[in-house]
Structures are given as C-alpha cells and as structure tokens.
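Here the structure comes first, spelled out in structure tokens, and everything after it is commentary.
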Amino acid sequence: MGRITLDKVTKRFGDVEVIPPLDLTIEEGEFVVFVGPSGCGKSTLLRLIAGLEDVTGGQIRIDGKDATETPPAKRGLAMVFQSYALYPHMSVRKNIAFPLKMAGMDQAEQKRRIDNAAKVLNLADYIDRRPGQLSGGQRQRVAIGRAIVREPAAFLFDEPLSNLDAALRVGMRLEISELHERLKTTMVYVTHDQVEAMTMADKIVVLRAGHIEQVGSPLELYRAPRNLFVASFIGSPKMNLISGSEAAKRSASTIGIRPEHISVSPTEGLWKGRVGVSEHLGSDTFFYVHDTGLADDITVRVSGEVELRAGDTVYLTPDAEKIHRFDQAGLRLK
Amino acid sequence: MATAHSRSAARLMISPAVILLLGWMIIPLSMTIYFSFLRYNLLSPGNESWAGFDNYRYFLTDPAFFDAMGNTFILVLGVLLITVVGGILLGLLLDQPFFGQGIVRILVIAPFFVMPTVSALVWKNMFMNPVNGLFAYMATAVGLEPFDFLSHAPLASIILIVSWQWLPFATLILLTALQSLDQEQLEASEMDGAGPINRFIFIMLPHLGRAITVVILIQTIFLLSIFAEILVTTNGGPGTATTNLTYLVYVQSLLQFDVGGGSAGGIVAVILANIVAIFLMRMIGKNLDA
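Chains C and H, in that order, give the protein sequences. Just so we're aligned, residue 146 is where the first sequence starts under my numbering, counting upward by one. Just so we're aligned, residue 192 is where the second sequence starts under my numbering, counting upward by one.
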C-alpha cells in the first residue's frame with residue numbers, strides 16, 4: 146500500500162502553468178520531501194496528490210489504480226496542514242474521531258484506534274481539551290493523530306513545522322521521522338527548509354517553478370547536484386559559486402565548492418583573502434572572506450573554534466576532490 | 192491610566208457623558224413610572240389623580256393584552272426563524288465565487304437601507320394589494336383568485352415584510368462569519384471524508400454559532416418594538432390580529448388618550464423585554480465567550 150505515481154501531471158491556473166508535465170514515482174514506504182523556494186509549486190503538487198486541486202492533465206495513480214478523478218476522501222491519503230486545521234469546537238478526542246465517524250466506523254473500533262493514536266503520540270494528558278487550549282506542538286500532534294487513525298496509504302504533510310519555534314521544530318522533526326520508522330507508511334512532506342529535507346528524507350525532490358530539478362537521496366544531492374540551482378539550494382551554508390578565470394582553469398563555466406571543503410591557513414594556500422564577518426557557533430565557525438578576486442565573498446566553514454579576526458589575511462585551499470564543475474547552461478560536468 | 196491621578200482625571204472627563212446618558216434614560220423612565228400610577232386622560236387635562244395599581248390592573252386584564260403578547264412573540268420568533276435560516280442560506284450562496292458578486296452583494300444589503308414605513312407601504316400597495324398588487328396580478332395571470340394578504344393572513348404578511356427588512360442584516364453578519372472560516376479546516380474535513388452536508392453540520396454551523404447568537408440578540412431587541420410596519424399596513428387589525436405590545440401601548444395612550452394606561456403598558460413591556468433578555472443570555476449567551 147502506498148505507491149504513488151504521477152504521470153505527466155499538469156496544473157494550470159487560467160493561463161499560468163504552475164506545474165508543467167511532471168513524472169514522479171513515490172515508492173511504498175518512502176519518506177519523500179518536496180523542497181524548493183516559495184512559489185515553486187510544491188504545495189500545489191501535494192494538493193494535486195491529495196485531490197484538493199483538480200489536475201489539468203495527466204494521471205495520478207495510487208497503488209496502480211487511477212485516482213485522478215477520485216475525491217480526496219476516497220484516495221486513502223491523510224493530510225497534515227500547515228495551520229493544523231483542527232476543528233476548534235471539538236475536543237481532541239472528537240477531532241481525532243472525526244474521520245472515523247465520517248467513515249461510519251463502529252464505536253469499539255473507533256475507541257481502539259483513538260487510544261492507539263493517543264498512546265503513540267502521547268496525547269492522553271489533553272485528550273479532552275479543545276485545540277484552543279493547546280500549544281503549537283500539541284496541536285501538531287493532534288493533527289498527526291487525526292491522520293494516523295485513518296490508517297492511510299500515505300501521509301501528506303504541508304509544511305507542518307513552519308508555525309513552530311526553532312527548538313520545537315527540531316523535536317517534532319525527530320518525532321515525525323520516528324513515526325515513519327515505526328509505521329513504515331509512505332510519507333510525502335513539503336517544506337521550503339532544506340535542513341528539514343536533508344534530515345528527514347529518504348528521497349528529496351527539488352522543485353523550481355514546477356519543474357523537478359533533481360530527485361535523489363539527501364547525500365546524492367549533496368555530493369552530486371545536477372545543476373547550479375540544486376547546488377546552491379542544498380547545503381547550509383550555501384555552496385560558493387565561482388566563475389571566471391578560476392573556473393576556466395578547470396575547463397568549466399562555473400565551479401562550486403562547499404564552505405566545509407575549504408581549508409584555512411594563515412600562511413599559505415591557493416587563494417588569498419581578508420576575513421570579514423565571522424560567525425562563531427561553538428562547534429563550527431563560519432568566515433566570510435573578502436577580496437579573493439573570485440566572488441563577492443567566500444564562505445568558509447571550520448570545525449571548532451578558530452582564532453581569526455576581521456581584517457586578518459587568510460589563505461584558502463579548496464579540496465580538489467570536492468570541486469563541482471558546471472557548464473554554460475548550469476549543468477553539472479563530469 | 193496607570194496612576195491614581197490619571198484615573199481620577201479620566202473619571203472627571205467622562206462624567207459629563209455618563210451623566211447625560213444616565214439622565215437621558217432615568218428621566219423618561221421615572222416619568223413613565225410616575226404616569227403609570229396616575230389617572231391621566233388627555234381628554235380631561237389637569238384632572239390627574241392618583242390611581243395606584245389600577246392602570247396595571249386594567250392593562251393586564253385587557254383581553255387585547257394577551258393577544259398582543261402572543262402576537263409579539265409570534266412576530267419575533269417568526270422573523271428570527273426566517274432571517275437566520277434565510278441568512279445562512281443566502282450567506283452560503285453569496286460566499287460562492289460568481290460573476291457580478293460585488294453588485295449582487297450590495298443589492299442584497301439594500302433592503303436594510305429602506306426605512307420601515309416606506310418598505311411597509313411598498314409591500315402593502317405594490318405587492319400585497321388584492322387589486323393592484325403584483326401578487327394579485329400574478330395570481331390572476333395563472334387564473335387564481337387574488338389573495339388579500341393583509342386581511343386574511345395579516346400577521347404572516349407583517350412577518351414577511353419585517354423579515355424582508357432584516358434578512359440583509361442577518362445575511363451580512365453570517366456572510367462575514369462564513370468568510371472568516373479557515374479554508375484549511377474545510378479541506379481537512381473533506382480529506383476526512385465529510386460530504387457537503389456533513390461539512391455544513393460539523394464545521395460551518397459550529398463556526399457560525401457566535402454570529403447566529405449576535406443576530407438573534409440584536410434582532411430580538413429591535414423586533415420587540417416593531418411599530419411602523421403595523422401602523423402603515425394593518426393598524427393592528429383586523430381586530431387585534433396584528434397588535435403587538437408596542438402597538439397596544441400606542442393605542443392605549445394616543446388613540447384612547449389614556450396616558451396612565453399607556454405608561455403602565457410601557458412599563459410592562461420594559462419588564463417583559465428584560466425577562467426575554469435574561470432568558471436569551473442564559474440560553475445562548477455562552478456562545479459569545481471566546
């Protein structure tokens with residue numbers, strides 16, 4: 146259960162083509178993350194899969210069956226919304242019971258599933274409260290609870306963590322990953338945050354303007370970005386992109402080197418520069434190095450604490466193995 | 192308003208308004224109470240004498256009083272029912288995207304801007320008149336006997352007229368409430384397998400609860416004192432078929448020149464209105480809590 150195939154799926158709003166014909170297969174039990182900048186069509190794509198938007202062309206198959214015209218409730222998918230979309234006038238228990246009640250399930254089975262969800266998500270303490278009395282993280286759990294009681298073929302998450310504060314986000318990220326480990330159900334997750342994508346996904350789909358730029362595991366995308374867009378989108382801090390003579394030396398139009406693949410020395414190295422702002426995170430230090438003659442500034446990541454002050458001269462040496470080369474059209478060279 | 196000084200300055204500055212408003216309420220009310228204990232007839236001015244509770248006794252034992260009570264409640268409940276149900280339906284309709292939405296919305300609101308006397312006269316003469324009215328014309332066009340609304344179904348006709356006036360108000364409030372419903376909630380319920388009817392019952396209606404309460408409370412206040420529509424259409428008749436409490440007070444004091452009796456009726460109406468208000472707040476007031 147839970148294999149979703151998109152075959153030449155197209156979506157148009159009036160004259161605007163939001164999703165040009167797009168093919169994608171989501172394997173059973175996979176955790177797939179759609180990631181891209183805002184307005185890239187990732188939420189629209191999720192809503193197309195959910196059935197909340199009609200496709201303009203193409204076919205959506207769920208477990209091999211054509212579901213293009215199937216109403217949302219009949220697709221066997223459950224969705225967790227960005228605003229959680231809990232029903233404010235119902236208690237947590239009733240919220241979770243709602244899809245079961247709509248399906249006309251008998252009371253005993255309803256109770257069994259709700260208790261199970263409450264146990265899995267630790268909802269027991271506030272199961273009789275209203276959503277208005279819950280914190281953001283608790284609401285998030287209830288929304289997930291409402292999704293899991295349906296025992297769906299796949300879960301759809303639409304930026305579920307974007308309303309939470311940073312600490313809670315990391316916690317919930319872990320919980321969702323653990324939930325996936327336990328349930329082994331297909332999950333499709335939309336986010337604009339590449340850290341979420343990298344940490345949670347089995348497979349990342351990078352989207353830009355409705356186009357799939359690259360599909361692959363987090364490390365594939367990190368190691369071998371197919372084009373400049375993916376190269377600069379995946380990884381934090383961003384990859385340094387250098388064009389001009391330095392790139393030409395390596396017979397490429399643009400070369401990219403990640404901040405963590407540059408070594409720093411106060412005495413010798415390939416590129417000379419001047420230290421600008423530095424960000425000390427404790428575990429890592431980020432330097433923004435100016436005046437290298439390569440790009441506006443080069444970001445360098447050094448493990449641990451490094452004593453370099455603004456204005457100091459540094460020499461940078463890229464790890465030759467880890468240099469990414471791109472051609473005129475921005476595609477990867479190999 | 193933090194310091195004692197600024198608090199007392201604030202009290203001083205709002206006191207003229209408070210005193211004016213208080214006087215505005217207290218003086219007429221106490222004069223009405225005073226008159227209600229007098230034998231005070233406009234036909235023999237200057238002969239006022241103390242009447243004790245006689246005015247109340249006469250007013251409360253008047254058979255017309257019970258008719259008026261019944262009519263008042265039927266009128267209020269009938270109009271509330273029509274406007275709330277109609278308002279929800281119209282709200283749902285106007286919430287859909289369609290061509291000319293802006294203009295249609297303005298048109299729907301329009302009856303609210305027509306003054307009660309005018310709209311009642313328009314209904315009486317242009318729609319319900321058994322000879323010249325539009326309804327009579329439509330009835331004869333299909334070969335039916337024209338129906339004389341105001342003499343055969345007078346109270347229902349007035350309920351219709353008043354509902355027509357208040358429907359825009361209910362529609363407006365309920366439409367804005369519908370528009371404030373989170374679309375994601377509707378989509379979530381759609382994913383959860385709720386069809387259009389279940390979505391309405393389980394998601395929309397609870398969401399509208401507060402707006403419906405506001406509509407009922409505000410309309411009740413105004414509907415208890417409906418007067419102009421009755422005066423210009425039926426004059427409370429035939430008999431007492433359309434006499435409500437307000438109209439009965441008017442008949443008592445200005446048609447029978449009995450100011451004392453009218454005042455007693457006025458006080459009775461105030462007490463009844465307060466009882467209604469207390470019951471309403473008990474029943475549905477909790478919806479207003481956030």
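Beta carbons are placed, not taken as given, at the ideal position from N, Cα and C, and that holds for glycine.
Extent of the continuous beta strand (DSSP E) run through alanine 223 of chain C: Numbered from its first residue, the first sequence carries residue 223 of chain C at position 78. Alanine 223 of chain C -> beta strand (DSSP E) spans 222-225.
Candidates H/Lys315, H/Leu372 and H/Ile297: closest to histidine 234 of chain C by CA position: The sequence position of residue 234 of chain C within the first sequence is 89, counting from 1. Out of H/Lys315, H/Leu372 and H/Ile297, H/Leu372 has the C-alpha closest to the C-alpha of histidine 234 of chain C.
Cβ-Cβ distance between aspartate 383 of chain H and proline 182 of chain C below 7 Å: Here residue 383 of chain H is taken as the residue at index 192 of the second sequence, counted from 1. Here residue 182 of chain C is taken as the residue at index 37 of the first sequence, counted from 1. For aspartate 383 of chain H and proline 182 of chain C, no; Cβs fall outside 7 Å.
Nearest neighbour of threonine 362 of chain H, chosen from H/Val209, H/Leu377 and H/Arg296 [CA to CA]: For the purposes of this step, residue 362 of chain H is taken as residue 171 along the second sequence, with counting starting at 1. Nearest option by C-alpha distance: H/Arg296.
Alpha-carbon spacing of serine 188 of chain C relative to leucine 453 of chain C, whole angstroms: Here the question's residue 188 of chain C lines up with position 43 in the first sequence. Here the question's residue 453 of chain C lines up with position 308 in the first sequence. Approximately 43 Å between the Cα atoms of the pair.
Nearest to alanine 344 of chain H (by Cα), restricted to the options H/Phe250, H/Ser227, H/Leu266 and H/Tyr231: In the second sequence, the residue the question calls residue 344 of chain H occupies position 153. Taking only the C-alpha atoms, the option nearest alanine 344 of chain H is H/Leu266.
Cross-chain neighbours of serine 228 of chain C in chain H, by beta carbon under 7 Å: Stepping through the first sequence from its first residue, residue 228 of chain C is reached at position 83. By Cβ distance, chain H contributes Asp373 and Glu375.
Reduced DSSP category for glutamine 473 of chain C - H, G, I as helix; E, B as strand; rest coil: By 1-based counting over the first sequence, the position of residue 473 of chain C is 328. Of the three classes helix, strand and coil, the one that applies to glutamine 473 of chain C here is coil, per DSSP.
Any chain C beta carbon closer than 7 Å to glycine 384 of chain H: Here residue 384 of chain H refers to the residue found at position 193 when the second sequence is read from its first residue. Closer than 7 Å: yes.
Span of the beta strand (DSSP E) around alanine 299 of chain C: Here residue 299 of chain C is taken as the residue at index 154 of the first sequence, counted from 1. Unbroken beta strand (DSSP E) run through alanine 299 of chain C: 299-303.
Closer than 7 Å to chain H by CB, alanine 369 of chain C: Position 224 of the first sequence, counted from the first residue, corresponds to residue 369 of chain C. So no, alanine 369 of chain C is outside the interface.
Sequence-distant residues of the same chain with beta carbon closer than 8 Å to glutamine 370 of chain H, five excluded per side: Within the second sequence, residue 370 of chain H is the residue found at index 179, counting from 1. The residues are Asp286.
Beta strand (DSSP E) segment containing proline 481 of chain C, residue limits: With chain C running from 146 to 479 in the structure shown, residue 481 of chain C is simply not present.
Nonlocal neighbours in the same chain, by C-beta distance under 6 Å from alanine 419 of chain H, ignoring five residues either side: Against the second sequence, residue 419 of chain H aligns to sequence position 228. Hits under 6 Å: Pro307 and Thr308.
Chain C contact for proline 345 of chain H (CB, 7 Å cutoff): For this step, residue 345 of chain H is matched to residue 154 along the second sequence. No, because no Cβ of chain C sits closer than 7 Å to the Cβ of proline 345 of chain H.
Contact check, valine 225 of chain C vs phenylalanine 176 of chain C, beta carbons under 7 Å: Taking the first residue of the first sequence as position 1, residue 225 of chain C is located at position 80. Taking the first residue of the first sequence as position 1, residue 176 of chain C is located at position 31. No, the pair does not count as a contact, with Cβ atoms beyond the cut-off.
Distance between serine 240 of chain H and threonine 425 of chain H (C-alpha atoms, nearest Å): One-based indexing of the second sequence puts residue 425 of chain H at position 234. One-based indexing of the second sequence puts residue 240 of chain H at position 49. Taking the straight line from one Cα to the other gives about 35 Å.
Neighbourhood of tryptophan 355 of chain H by C-beta, 8 Å cutoff - its chain only, sequence neighbours within 5 removed: Against the second sequence, residue 355 of chain H aligns to sequence position 164. Answer for tryptophan 355 of chain H: Pro302, Ser310 and Trp314, listed in chain order.
Beta bridge counterpart(s) of glutamate 162 of chain C as assigned by DSSP: As a working mapping, residue 162 of chain C is identified with position 17 in the first sequence. In DSSP, glutamate 162 of chain C forms a bridge with C/Arg157.
Beta-bridge partners of glutamine 204 of chain C, as assigned by DSSP: Locating residue 204 of chain C in the first sequence gives position 59, where the first residue counts as 1. In DSSP, glutamine 204 of chain C forms a bridge with C/Asp152.
Within chain H, the residues that tyrosine 232 of chain C reaches when beta carbons sit closer than 7 Å: Residue mapping note: residue 232 of chain C aligns to position 87 of the first sequence, counting from 1. Ordered by position in chain H, the residues that pass the 7 Å Cβ test against tyrosine 232 of chain C are Gln376 and Ile394.
Rounded distance between the beta-carbons of alanine 354 of chain C and cysteine 185 of chain C, thought under 8 Å: Taking the first sequence and counting its residues from 1, the one referred to as residue 185 of chain C is at position 40. Taking the first sequence and counting its residues from 1, the one referred to as residue 354 of chain C is at position 209. Right, the Cβ-Cβ distance comes to about 6 Å (below 8 Å), so this counts as a contact.
Glutamate 304 of chain C vs threonine 336 of chain C beta-carbon contact at 7 Å: In the first sequence, residue 304 of chain C corresponds to position 159, counting from 1. In the first sequence, residue 336 of chain C corresponds to position 191, counting from 1. Yes; because the gap between Cβ atoms is below 7 Å, this pair is in contact.
Element boundaries [alpha helix (DSSP H), containing methionine 216 of chain H]: Reading the second sequence from its first residue, position 25 is the one you call residue 216 of chain H. Here the alpha helix (DSSP H) through methionine 216 of chain H covers 195-227.
Test: proline 397 of chain H CB closer than 7 Å to a CB of chain C: Residue 397 of chain H sits at position 206 when you count from the first residue of the second sequence. True, the Cβ-Cβ gap to chain C drops below 7 Å.
Meets three-Cβ-pair contact criterion under 8 Å: the stretch 409-421 of chain C and the stretch 434-452 of chain C: yes
Boundaries (first-last residue) of the alpha helix (DSSP H) holding arginine 318 of chain C: Taking the first sequence and counting its residues from 1, one reaches residue 318 of chain C at position 173. Segment 311-328, the alpha helix (DSSP H) holding arginine 318 of chain C.
Own chain, CB closer than 6 Å to phenylalanine 360 of chain H, minus 5 neighbours either side, in chain order: Taking the first residue of the second sequence as position 1, residue 360 of chain H is located at position 169. Around phenylalanine 360 of chain H: Phe303.
Neighbour list for glutamate 420 of chain H in chain C, Cβ cutoff strictly below 9 Å: Reading the second sequence from its first residue, position 229 is the one you call residue 420 of chain H. Correct list: empty, because the minimum Cβ distance to chain C is about 37 Å.
Chain-ordered chain H contacts of alanine 465 of chain C [CB-CB under 7 Å]: Here residue 465 of chain C is taken as the residue at index 320 of the first sequence, counted from 1. Here the premise fails: no neighbours, minimum Cβ distance about 50 Å.
Contact check, isoleucine 400 of chain C vs isoleucine 387 of chain C, beta carbons under 7 Å: Position 255 of the first sequence holds residue 400 of chain C. Position 242 of the first sequence holds residue 387 of chain C. Cβ atoms of isoleucine 400 of chain C and isoleucine 387 of chain C: closer than 7 Å.
The stretch 447-455 of chain H contacting the stretch 235-253 of chain H, beta-carbon criterion three pairs below 8 Å: yes
Chain H contacts made by the stretch 237-261 of chain C, where a contact means CB separation under 7 Å: Phe243, Pro244, Met247 and Ala248
CB contact check: alanine 379 of chain H to chain C, cutoff 7 Å: Sequence index remark: in the second sequence, residue 379 of chain H carries index 188 (1-based). So, interface residue.
Where asparagine 389 of chain H meets chain C, residues with beta-carbon distance less than 7 Å: As a position in the second sequence, residue 389 of chain H is number 198, starting the count at 1. In chain order: Met247.
Beta-carbon proximity list for asparagine 478 of chain H, same chain, < 6 Å, skipping 5 on both sides: Here residue 478 of chain H corresponds to residue number 287 of the second sequence, with the count starting at 1. Here the set comprises Gly400, Arg401 and Thr404.
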